[in-house]
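Q: Below is one structure. I have some questions about it.
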Amino acid sequence: MTYEFKEIIQQTIRNQQNNIHNVLATVVDLDGSSYRKPGVRMLLSSDGNMIGAVSGGCVEKEVQRRAQTVFETGVSKIITYDGRYRLGCEGILYILLEPFKISSEFINVFTNSLENRESFNIQSFYKKEDEAYGNFSSIIKFQNNKNFSFFEGNEPANFKDLQVFSQTLSPLFRLLIIGGEHDAVKLCKQAVQLGWEVDVVTSIKDPKQLSDFPGAKSVIAQTPEVIDLKNINQDTAVVIMNHNFTYDLRWLIKLQEQNPVYIGILGAAKRREKLFNELFEFSPEVSDNFLEKIHTPAGLNIGAETPEEIALSILAEILSVIRKKEVFSLKKVTGRIHS
1 MTYEFKEIIQ QTIRNQQNNI HNVLATVVDL DGSSYRKPGV RMLLSSDGNM IGAVSGGCVE
61 KEVQRRAQTV FETGVSKIIT YDGRYRLGCE GILYILLEPF KISSEFINVF TNSLENRESF
121 NIQSFYKKED EAYGNFSSII KFQNNKNFSF FEGNEPANFK DLQVFSQTLS PLFRLLIIGG
181 EHDAVKLCKQ AVQLGWEVDV VTSIKDPKQL SDFPGAKSVI AQTPEVIDLK NINQDTAVVI
241 MNHNFTYDLR WLIKLQEQNP VYIGILGAAK RREKLFNELF EFSPEVSDNF LEKIHTPAGL
301 NIGAETPEEI ALSILAEILS VIRKKEVFSL KKVTGRIHS
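Quick look at the structure:
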């Protein structure tokens, strides 16, 4: 969701530069079930364009139509969308529509928050009613104690007796790819489509350029012994795809100093035991916690053969790890998909 919000901010900046007004739509409550959950957002522009989505695509045009009064009056409102009779989603969405205008100070603080990989909190104040007009708005709070209202005049002191939806957005999930061949490029492209922040480390014997990895944040050529790794934490996955046993081992030794949520390594299953035995020789104190993070061969067993399919299987495995989900077909689910 952080990536979606980042896209909304970027489009808002472009719109404001062209004197285009904006309304932010946020799902703040839900009765029953729906395709997407509270906390999803979309940006509506006075030129008729939209970015983001609050459903699978079936709700957005009605939200756009009902947002016209907010453009005209500058007054926020709450609307509902009952999907039980139109979509079969068995739920009622409560959507906050509020004027959305951001300052240059907000842009600077938000950009710094993303760069520093800090979480931030958004609180949206509303009434659980349909077509309710009022002083409904959202406040965003950053870790440096900087707070911003999404629209001037709507301050926390004015939100008495309103319900609040609170959401903490984590830093963009980060993928560190170690390798520079064509399969690494495929993995990078798909990870970028997921909204992940991708950094690539290639061999110094075969350095690559940023243009070789479309969408990547950085591409450097370095050795594991020299590189200075930063921000490798529970919001980071590492995939080692060097196709070189010795190089893989050197990177594993280096990564013991870090705390990624996932480490994937390409290669045949038969090399796994050898890799672990070599790791024990070089690092006899290696922890069980670190070993549990290692997935080799990387990826889910979906019959992947092509580089694109292998990338898909790896990303699916990473998602299952960070979402703490046991992998099986959804057709076996008898209750709700999401708890």
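Okay, so the sequence shown: first residue is 1 according to the UniProt record's numbering, each after it adds one. Heads up, the beta-carbon is just placed ideally off N, CA and C, and yes, glycines get one too.
Measuring alpha carbon to alpha carbon, tell me which of Gln209, Leu291 and Val226 ends up nearest isoleucine 220.
A: Minimum Cα distance to isoleucine 220 is reached at Gln209.
Q: Using C-beta distances below 7 Å, list every residue in its chain close to isoleucine 310, excluding the 5 sequence neighbours before and after it, in chain order.
A: The answer, listed in chain order, is Asp183, Gly299 and Ala304.
Q: Who are the near neighbours of threonine 333 in its chain, counting only those whose CB is closer than 6 Å to its CB and skipping five residues on each side?
A: Going by the sequence as given, residue 333 is valine instead of threonine. Counting only Cβ-Cβ distances below 6 Å, and skipping sequence neighbours, we find nothing.
Q: Pairing CB atoms from the region 89-101 with CB atoms from the region 174-183, are three or more of them under 8 Å?
A: No: the two stretches stay apart, fewer than three of their Cβ pairs being nearer than 8 Å.
Q: By Cβ distance below 6 Å, which residues in the same chain neighbour asparagine 15 in space, the five residues on each side in sequence not counted?
A: Cβ neighbours of asparagine 15 beyond the five flanking positions: Asn22 and Ser45.
Q: With DSSP as the reference, identify every bridge partner of residue 361, one or two as the case may be.
A: No information on residue 361 is available, as it lies outside the stretch 1 to 339 that the chain covers here.
Q: Taking leucine 93 and alanine 25 to be in contact with their CB atoms under 8 Å, please state how far apart those CB atoms are, rounded to whole angstroms.
A: About 10 Å separates the two Cβ atoms, so there is no contact after all.
Q: Relative to the C-alpha of lysine 186, which residue among Val164, Gly215 and Leu169 is closest?
A: Nearest C-alpha to lysine 186: Gly215.
Q: Please report the distance separating the alpha-carbon of glutamate 60 from that of asparagine 18.
A: So the alpha carbons of these two residues sit roughly 23 Å apart.
Q: Between the alpha carbons of arginine 36 and threonine 306, how many angstroms are there, rounded?
A: Looking at the two C-alpha atoms, the distance is approximately 31 Å.
Q: Tell me, which residues are paired with leucine 291 by DSSP?
A: Its beta-bridge partners do not exist; DSSP assigns none.
Q: Does the region 276-289 come close enough to the region 245-260 to have 3 or more Cβ pairs within less than 8 Å?
A: With a cut-off of 8 Å, the region 245-260 and the region 276-289 count as touching, because enough Cβ pairs lie within range.
Q: Taking the alpha-carbon positions, what's the asparagine 144 to phenylalanine 245 distance?
A: Roughly 44 Å between the two C-alpha positions.
Q: Can you list, in chain order, the residues of its chain whose CB lies under 6 Å from that of isoleucine 318, leaving out five sequence neighbours each side?
A: For isoleucine 318, where only same-chain residues beyond five positions count, the Cβ hits under 6 Å are Ala237 and Tyr262.
Q: Just the C-alpha distance for phenylalanine 165 and proline 207, rounded to the nearest angstrom, thanks.
A: Going by the C-alpha atoms only, they are around 47 Å apart.
Q: I need the straight-line Cα distance from aspartate 199 to leucine 162, nearest angstrom please.
A: Near 43 Å, if we compare the C-alpha coordinates of leucine 162 and aspartate 199.
Q: Ends of the beta strand (DSSP E) at serine 76?
A: Run containing serine 76: 76-82, per the beta strand (DSSP E) assignment.
Q: State the DSSP-derived secondary structure class of glutamate 197, mapped to helix, strand or coil.
A: It is a strand residue.
Q: Output needed for phenylalanine 290: all residues of its chain with C-beta closer than 7 Å, excluding positions within five of it in sequence on either side, in chain order.
A: Around phenylalanine 290: Gln256.
Q: Let me check understanding here. Comparing Cα to Cα, which of Gln68, Asp82, Thr168 and Ile140 lies closest to aspartate 130?
A: Aspartate 130 has its Cα closest to that of Asp82, out of Gln68, Asp82, Thr168 and Ile140.
Q: If you reduce the DSSP assignment to three classes, tell me which class alanine 191 lands in.
A: In this structure, alanine 191 counts as helix in the three-state DSSP scheme.
Q: Within 10 Å of its beta-carbon, does arginine 41 have 16 or more other beta-carbons around it, so buried, or fewer, so exposed?
A: So arginine 41 ends up on the buried side.
Q: Where DSSP assigns a beta bridge to valine 165, which residues make up the other side?
A: Looking at the sequence itself, residue 165 is phenylalanine, so the reference to valine does not match. Beta-bridge pairing links phenylalanine 165 to Ser124.
Q: Among Tyr247, Glu285 and Pro297, which has the Cα closest to the Cα of lysine 270?
A: Cα-wise, what sits closest to lysine 270 is Pro297.
Q: Between which two residues does the alpha helix (DSSP H) holding serine 113 run?
A: 104-115 is the span of the alpha helix (DSSP H), which, as asked, contains serine 113.
Q: In terms of residue numbering, what span does the alpha helix (DSSP H) encompassing isoleucine 253 cover?
A: Looking at the DSSP string, the run of the alpha helix (DSSP H) that includes isoleucine 253 is 245-255.
Q: Within 10 angstroms of its Cβ, does threonine 168 collect 16 or more other Cβ (buried), or is it exposed?
A: Its Cβ having fewer than 16 others within 10 Å, threonine 168 is exposed.
Q: Considering just the uninterrupted stretch of the alpha helix (DSSP H) at threonine 73, what are its terminal residues?
A: Per DSSP, threonine 73 belongs to the alpha helix (DSSP H) from 68-73.
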